[in-house]
Amino acid sequence: MIALITPFAVGLPLLIFLRVLSGIDRFEREPTRYVIAAVLWGAVPAVILGLVAQLILGVPVEVLFGEKSLGSKLIESSLFAPLTEETLKAGALALIYLFRRREFDGWVDGVVYGAAAGFGFAFVEDCLYLIGSQSWGDWVALYVLRVFVFGFLHGFWTSLVGIGFGLARNRTGSGLVKVALVLGMLALAMLSHFAHNTAVTLIEASGGATFLVALFNYAVVAALFIGLAFVAADRDRLLFRRYLADEVPMTLKAEDFWALSGLGANAGARLRLISRRRRALIQAAAELAQRKRQYLAEGNRDNIGADIVAERARLAQLSALARE
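Here the sequence shown is numbered in this note's numbering, starting from 65 and rising by one per residue.
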């Protein structure tokens, strides 16, 4: 029974976490197929390769320090786990960045794709831990700890790497700077993962509770993502004002332009408080703004110019219909 219930009990909260986090992308939602691909990457190859790598790396450590020693636990959980897991989860981001660049518009997309890969990894990891529970009492205690107390952390860590890829995406100039941005954020994700695992291992070894670690994690992550939400909203308003102002009035009506640049469009679109037609207009405007930015930064790479023409025509049609 535990094995049957666990995947659903773990999957639903993680799905809600991802849904809420994806709202940070104010207008242009990532294609569902790529988000699902990131989840699957985190859930399958990242987990399998991570387990294999940690088993191989752990053999000499356990021989040297002893299988149950504090030294072995610290090295394996605080060093090997962050190094292998963050690198492998970042593989999903690297694949989308390299082969689907047109759907990787910036750091906000990186946050969403990174969270998807991280939550996919967390889903399988949590299921493996919970299915091994000896009783329902143990299951409930472990479920609360892993899913609700620490459940969002893998998504958070991989989101940091996603920010690095997103910043590199819109960076012009030296490729070394782009590599440095990605590796720097990967190192930050590993460091955060290291700090968390070290704190938990030491507290468990001393018989202490994990409450303070959990409280600190929630405070840091909540503050970061609240800040990112405000930054993302401001970025979107600037994006529309910079790249769509010259589309008024031929492509976009003036009232639609100012509505897109306002504070209320985010909540209305995300909560579906506006019509489907208005949401389609918002999506088309976001696509056009992103393509124009990419065109100015990269030229007509991947035939972006043709996309601009198509998106401009679609936006003009939707803007004309929106007020009918």
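Beta carbons: idealized from backbone N, C-alpha and C, even for Gly. Please read all numbers here as calculations on a predicted model, not as lab measurements.
Excluding the 5 residues flanking G122 on each side, which residues of the same chain have their C-beta closer than 6 Å to its C-beta?
Taking the first residue of the sequence shown as position 1, residue 122 is located at position 58. E140, listed in sequence order.
CB-CB under 7 Å to A353, same chain, minus the five flanking residues each way: which ones, in chain order?
Translated into positions along the sequence shown, residue 353 becomes position 289. Same-chain partners within the cutoff: L303, F304, Y307 and L308.
Taking the continuous alpha helix (DSSP H) assigned at D190, which residues delimit it?
Position 126 of the sequence shown, counted from the first residue, corresponds to residue 190. Element bounds for D190: W171 to I195.
Assign S238 to one of three DSSP states: helix, strand, or coil.
Your numbering for residue 238 matches position 174 in the sequence shown. S238 falls in the coil class under three-state DSSP.
Output the boundary residues of the alpha helix (DSSP H) element that contains D310.
On the sequence shown, position 246 is the one that residue 310 refers to. For D310, there is no enclosing alpha helix (DSSP H), since its DSSP letter is neither H nor E.
Cβ-based neighbour list, A253, same chain, cut-off 6 Å, excluding 5 preceding and 5 following:
On the sequence shown, position 189 is the one that residue 253 refers to. The answer, listed in chain order, is E150, W221, L224 and V225.
Does the structure place the segment 203-210 close enough to the segment 235-243 that three or more beta carbon pairs sit under 8 Å?
no
Hey, could you find the ends of the alpha helix (DSSP H) K137 is sitting in?
Taking the sequence shown and counting its residues from 1, one reaches residue 137 at position 73. Residue range L134 to L138 is occupied by the alpha helix (DSSP H) that includes K137.
Helix, strand or coil, according to DSSP, for N364 in the structure here?
Start at 1 with the first residue of the sequence shown, and residue 364 comes out as number 300. Coil at N364, not helix or strand.
Over the uninterrupted alpha helix (DSSP H) stretch that includes G230, give me the two end residues.
Within the sequence shown, residue 230 is the residue found at index 166, counting from 1. Start and end: L217 to R233.
Distance between beta carbons of L231 and W171, contact taken as under 8 Å
For the purposes of this step, residue 171 is taken as residue 107 along the sequence shown, with counting starting at 1. For the purposes of this step, residue 231 is taken as residue 167 along the sequence shown, with counting starting at 1. That belief holds up - the Cβ atoms of W171 and L231 are roughly 5 Å apart, short of 8 Å.
Among I267, L245, G184 and A145, whose alpha-carbon lies nearest the alpha-carbon of H257?
Here residue 257 is taken as the residue at index 193 of the sequence shown, counted from 1. Measuring from the Cα of H257, the nearest candidate turns out to be A145.
When you compare each of T262, V264 and V176 to L292 by their alpha carbons, which one comes out closest?
Numbered from its first residue, the sequence shown carries residue 292 at position 228. Nearest option by C-alpha distance: V176.
Please work out which residues of its chain come closer than 8 Å, Cβ to Cβ, to E167, disregarding the five sequence neighbours upstream and downstream, and give them in chain order.
Counting from one through the sequence shown, the residue named residue 167 turns up at place 103. So the list reads E94, P95, Y98, I160 and D173, once near-sequence residues are dropped.
How would you write the range of the alpha helix (DSSP H) that R97 sits in, first residue to last?
Working through the sequence shown from its first residue, we reach residue 97 at position 33. Looking at the DSSP string, the run of the alpha helix (DSSP H) that includes R97 is T96 to A107.
DSSP three-state call for R336: helix, strand or coil?
As a working mapping, residue 336 is identified with position 272 in the sequence shown. For R336, the predicted structure reports a pLDDT of 46, less than 50, and the residue's modelled location is therefore unreliable. A value from the coordinates is still provided. Three-state DSSP puts R336 in coil, outside helix and strand.
For T315, tell me which candidate among G219, S383 and F294 has the shortest Cα-Cα distance.
Walking along the sequence shown from the start, residue 315 turns up at place 251. Answer by Cα proximity: S383.
Any idea if E131 is buried or exposed, counting beta-carbon neighbours within 10 angstroms, 16 or more meaning buried?
Indexing the sequence shown from 1 puts residue 131 at position 67. The residue is exposed, with fewer than 16 neighbouring Cβ atoms inside 10 Å.
With distances taken from CA atoms, which of V246, R83 and A380 is nearest A348?
Position 284 of the sequence shown, counted from the start, is the residue given in the question as residue 348. Taking only the C-alpha atoms, the option nearest A348 is A380.
For I372 and R365, what's the separation of their Cα atoms in angstroms?
If you number the sequence shown from 1, residue 372 lands on position 308. If you number the sequence shown from 1, residue 365 lands on position 301. Distance between the alpha carbons of I372 and R365: 12 Å.
With a threshold of 7 Å on Cβ separation, who are the neighbours of V241 within its own chain once the five nearest residues in sequence on each side are excluded?
For the purposes of this step, residue 241 is identified with residue 177 of the sequence shown, where counting begins at 1. Excluding positions up to five away in sequence, the list reads R235.
Per DSSP, what kind of secondary structure is G155 in: helix, strand or coil?
Your numbering for residue 155 matches position 91 in the sequence shown. Of the three classes helix, strand and coil, the one that applies to G155 here is helix, per DSSP.
Three-state secondary structure (DSSP) of T70
As a position in the sequence shown, residue 70 is number 6, starting the count at 1. T70: helix per DSSP, three-state reduction.
Bounding residues of the alpha helix (DSSP H) (the contiguous stretch that carries L206):
Position 142 of the sequence shown holds residue 206. Per DSSP, L206 belongs to the alpha helix (DSSP H) from W200 to Y207.
Cα-Cα separation, F294 to A350:
Mapped onto the sequence shown, residue 294 falls at position 230. Mapped onto the sequence shown, residue 350 falls at position 286. Rounded to whole angstroms, F294 to A350 spans 18 Å at the Cα level.
Check whether G248 and G228 have beta carbons under 8 Å apart:
Looking up residue 248 in the sequence shown gives position 184. Looking up residue 228 in the sequence shown gives position 164. A contact, by the Cβ cut-off of 8 Å.
Can you grab the Cα-Cα spacing for the pair L119 / A186, in whole Å?
As a position in the sequence shown, residue 119 is number 55, starting the count at 1. As a position in the sequence shown, residue 186 is number 122, starting the count at 1. The straight-line gap separating the alpha-carbon atoms of L119 and A186 is approximately 18 Å.
Specify the secondary structure class of M65 as computed by DSSP and reduced to three states.
Within the sequence shown, numbered from 1, the residue matching residue 65 stands at position 1. Note: M65 maps to coil in three-state DSSP.
Compute the Euclidean distance between the alpha carbons of G9 and D300, then round it to the nearest angstrom.
Summary: the structure shown does not reach residue 9, with the chain confined to residues 65 through 388, and so no result is reported for it.
Please determine, among I290, A180 and A297, the residue with the shortest C-alpha to C-alpha distance to P77.
The residue labelled residue 77 in the question sits at position 13 within the sequence shown. When each option's Cα is compared against that of P77, the closest is A180.
Excluding the 5 residues preceding and the 5 following W200 in the sequence, name in chain order all residues of the same chain whose CB lies nearer than 6 Å to its CB.
The sequence position of residue 200 within the sequence shown is 136, counting from 1. Here the set comprises nothing.
Excluding the 5 residues preceding and the 5 following G363 in the sequence, name in chain order all residues of the same chain whose CB lies nearer than 8 Å to its CB.
Working through the sequence shown from its first residue, we reach residue 363 at position 299. So the list is empty, once near-sequence residues are dropped.
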